[in-house]
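Take any residue in the sequence shown, count from 1 to its spot, add 42: that is its number in my numbering.
Glycine included, every Cβ here is placed at the ideal spot set by N, Cα and C.
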Amino acid sequence: MEMDLGIFDSLLSLEETYYDEGYTEGAKDGETAGRNEGRAFGFEKGFEKFLEMGKMQGRIAVWKSRIAQPSSDASLAGTNAQIAPITNPRVIKHISQFENIVSNPSTVNDEESVEEVDESLKRGRAKLKIICNMLGEKEHASGGSEAAGASNGGEANIEEGNFNKNVRR
Numbered sequence: 043m044e045m046d047l048g049i050f051d052s053l054l055s056l057e058e059t060y061y062d063e064g065y066t067e068g069a070k071d072g073e074t075a076g077r078n079e080g081r082a083f084g085f086e087k088g089f090e091k092f093l094e095m096g097k098m099q100g101r102i103a104v105w106k107s108r109i110a111q112p113s114s115d116a117s118l119a120g121t122n123a124q125i126a127p128i129t130n131p132r133v134i135k136h137i138s139q140f141e142n143i144v145s146n147p148s149t150v151n152d153e154e155s156v157e158e159v160d161e162s163l164k165r166g167r168a169k170l171k172i173i174c175n176m177l178g179e180k181e182h183a184s185g186g187s188e189a190a191g192a193s194n195g196g197e198a199n200i201e202e203g204n205f206n207k208n209v210r211r
């Protein structure tokens, strides 16, 4: 009475078969999830960098509008009496250099361009600090949300995105 063991061979390797199948599916799902998570992280970091660049360019636009034009001193004094015009040639030179640093950042997604944007941000932050110190202004507009929140007594700040903190419903 010899039993045919061939019908039980598939049962003996059942655990290994399901393990291999689960491993393959998990690797495929992990690759997809990792790619999606990496893409979302990249968008988030890119947004943060370009938001800071935009804030810097906004500061440049305000400062450039404050640079005293020799022909329009009378009209400037009448419309913006509270804002002091910028007349210091060193500050004007720094503003021009600052504009060159942060204007036209690369939007290509490769290592060299990302390093270039990071370097521009680093140089831009340093130049922003110099200009703010020369003008006697605070540089909180491009700083972190904690510093901005502390500087305005915890009030809502639309620049930092925490404008719903003090709203009662």
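Own chain residues within Cβ distance below 8 Å of Ile-125, not counting five before or after: Here residue 125 corresponds to residue number 83 of the sequence shown, with the count starting at 1. Once the five neighbours on either side are set aside, the close Cβ partners of Ile-125 are Arg-108.
In the DSSP assignment, the alpha helix (DSSP H) including Asn-175 goes from what residue to what residue? Here residue 175 refers to the residue found at position 133 of the sequence shown. Note, Asn-175: alpha helix (DSSP H), 153-177.
Hey, how far is the Cα of Asn-146 from the Cα of Glu-73? Stepping through the sequence shown from its first residue, residue 146 is reached at position 104. Stepping through the sequence shown from its first residue, residue 73 is reached at position 31. Near 34 Å, if we compare the C-alpha coordinates of Glu-73 and Asn-146.
Delimiting residues of the alpha helix (DSSP H) encompassing Phe-89: Along the sequence shown, one-based indexing puts residue 89 at 47. That run of the alpha helix (DSSP H) goes 56-108.
Per-residue DSSP class, three states only, for Ile-49: The residue given as residue 49 occupies position 7 in the sequence shown. Note: Ile-49 maps to helix in three-state DSSP.
Please classify Leu-56 as buried or exposed, where buried requires at least 16 neighbouring CB atoms within 10 angstroms. Residue mapping note: residue 56 aligns to position 14 of the sequence shown, counting from 1. Exposed, since its Cβ has fewer than 16 Cβ neighbours within 10 Å.
Suppose you measure from the CA of Phe-50 to the CA of Asn-78; what does that come to, to the nearest Å? Within the sequence shown, residue 50 is the residue found at index 8, counting from 1. Within the sequence shown, residue 78 is the residue found at index 36, counting from 1. Between the alpha carbons of Phe-50 and Asn-78 lies a gap of roughly 43 Å.
Comparing C-alpha positions only, which one of Glu-153, Arg-101, Glu-161 and Asp-160 sits nearest to His-136? The sequence position of residue 136 within the sequence shown is 94, counting from 1. Checked all of Glu-153, Arg-101, Glu-161 and Asp-160; the closest Cα to His-136 is Arg-101.
Do you know offhand how far Asn-175's Cα is from Glu-158's? Working through the sequence shown from its first residue, we reach residue 175 at position 133. Working through the sequence shown from its first residue, we reach residue 158 at position 116. Computed Cα separation, rounded: 26 Å.
Per DSSP, what kind of secondary structure is Ile-4 in: helix, strand or coil? No answer is possible for residue 4: it lies beyond the span of the chain, which begins at 43 and ends at 211.
Buried or exposed: where does Ser-162 fall if 16 or more other Cβ atoms within 10 Å of its Cβ makes it buried? In the sequence shown, counting from the first residue as 1, residue 162 sits at position 120. Its Cβ being crowded by 16 or more others within 10 Å, Ser-162 is buried.
Less than 8 Å separating the beta-carbons of Lys-171 and Glu-181? The residue labelled residue 171 in the question sits at position 129 within the sequence shown. The residue labelled residue 181 in the question sits at position 139 within the sequence shown. Their beta carbons are under 8 Å apart, which means Lys-171 touches Glu-181 by this criterion.
Nearest-angstrom beta carbon gap, Ala-103 and Thr-129 [assumed within contact, 8 Å]: What you label residue 129 is simply residue 87 of the sequence shown in a count that begins at 1. What you label residue 103 is simply residue 61 of the sequence shown in a count that begins at 1. Actually they do not touch by this definition, with Cβ atoms about 18 Å apart.
Top-ranked residue by Cα proximity to Leu-177, from Val-150, Ser-155, Lys-106 and Val-144: Along the sequence shown, one-based indexing puts residue 177 at 135. Closest option to Leu-177, Cα to Cα, is Lys-106.
Rounded to a whole number of angstroms, what is the C-alpha to C-alpha distance between Leu-54 and Tyr-60? The residue you call residue 54 lines up with position 12 of the sequence shown. The residue you call residue 60 lines up with position 18 of the sequence shown. So the two alpha carbons sit approximately 12 Å from each other.
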